[in-house]
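J.: Residue numbers (my numbering): 109 to 296. We treat Cβ as the ideally placed atom computed from N, Cα and C, and that holds for glycine. Below you'll find the structure I mean.
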């Protein structure tokens, strides 16, 4: 047994992950069917959400940007700083760098589209919710790398020195398109 390799946290983590990630062919088929059905259902839900929207009201929301600016400030200044403080005070002190990094990345990430559905279900301002989701997803293309380069390196120090955190630009753009295209298909 190679004791040097067994002390490396990345080898231990990847070995555990490989054991947990092994799937049978039936599970693979189930996963693919589930993902396709999920994409279809979310697309239908976004088209229906678009049917509820009035483009003139969305444009009015953008013309009076106080609420979107408050949301932007909360999403991209307060949340990353709060996630950073919690990560440093609670997780780093206990040697939990991967969890600290995960919490920080989550705090820097854009809001999900599920907020639009909850807003509609709870009779909230759907126009503002869709506007905020669009703005936060678009802004995350710049704000995530900003925060990761400004503070994110601290979570890798002493754990994985030569590693970098890659921002998933492709996935962010795809989520933006997955939100906007079905919404536009349903907009009146």
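1) Whose C-beta lies closer than 6 Å to the C-beta of residue 252 among residues of the same chain, with five residues either side of it excluded?
2) Residues in the same chain with beta-carbon distance under 8 Å from residue 292, minus the five sequence neighbours each way, listed in chain order, please.
3) Could you tell me if residue 203 is buried or exposed, where buried requires 16 or more neighbouring beta carbons within 10 angstroms of its beta carbon?
4) In the DSSP assignment, find the unbroken alpha helix (DSSP H) run with residue 165 in it and report its ends.
5) For the segment 190-224, list the alpha helix (DSSP H) runs that are entirely contained and at least 4 residues long, ordered along the chain.
6) At a cut of 8 Å, does the segment 276-284 reach the segment 243-252 through at least three beta carbon pairs?
7) Between residue 236 and the rest of its own chain, which residues show a CB-CB distance below 7 Å, the 5 nearest in sequence each way excluded?
T.: Walking through what the data contain:
1) Cβ within range, chain order: 216 and 275.
2) Cβ contact annotation for residue 292 (same chain, cutoff 8 Å, sequence separation greater than five): 158, in chain order.
3) Within a 10 Å sphere around the beta-carbon of residue 203 sit fewer than 16 other beta-carbons, which makes this residue exposed.
4) 163-171 is the extent of the alpha helix (DSSP H) around residue 165.
5) Runs of the alpha helix (DSSP H) spanning 4 or more residues and lying entirely within the segment 190-224 occur at 205-216, in chain order.
6) Result yes; three or more Cβ-Cβ pairs closer than 8 Å.
7) Beyond the five residues adjoining it in sequence on each side, residue 236 comes within less than 7 Å, by CB distance, of 169 and 175 in the same chain, given in chain order.
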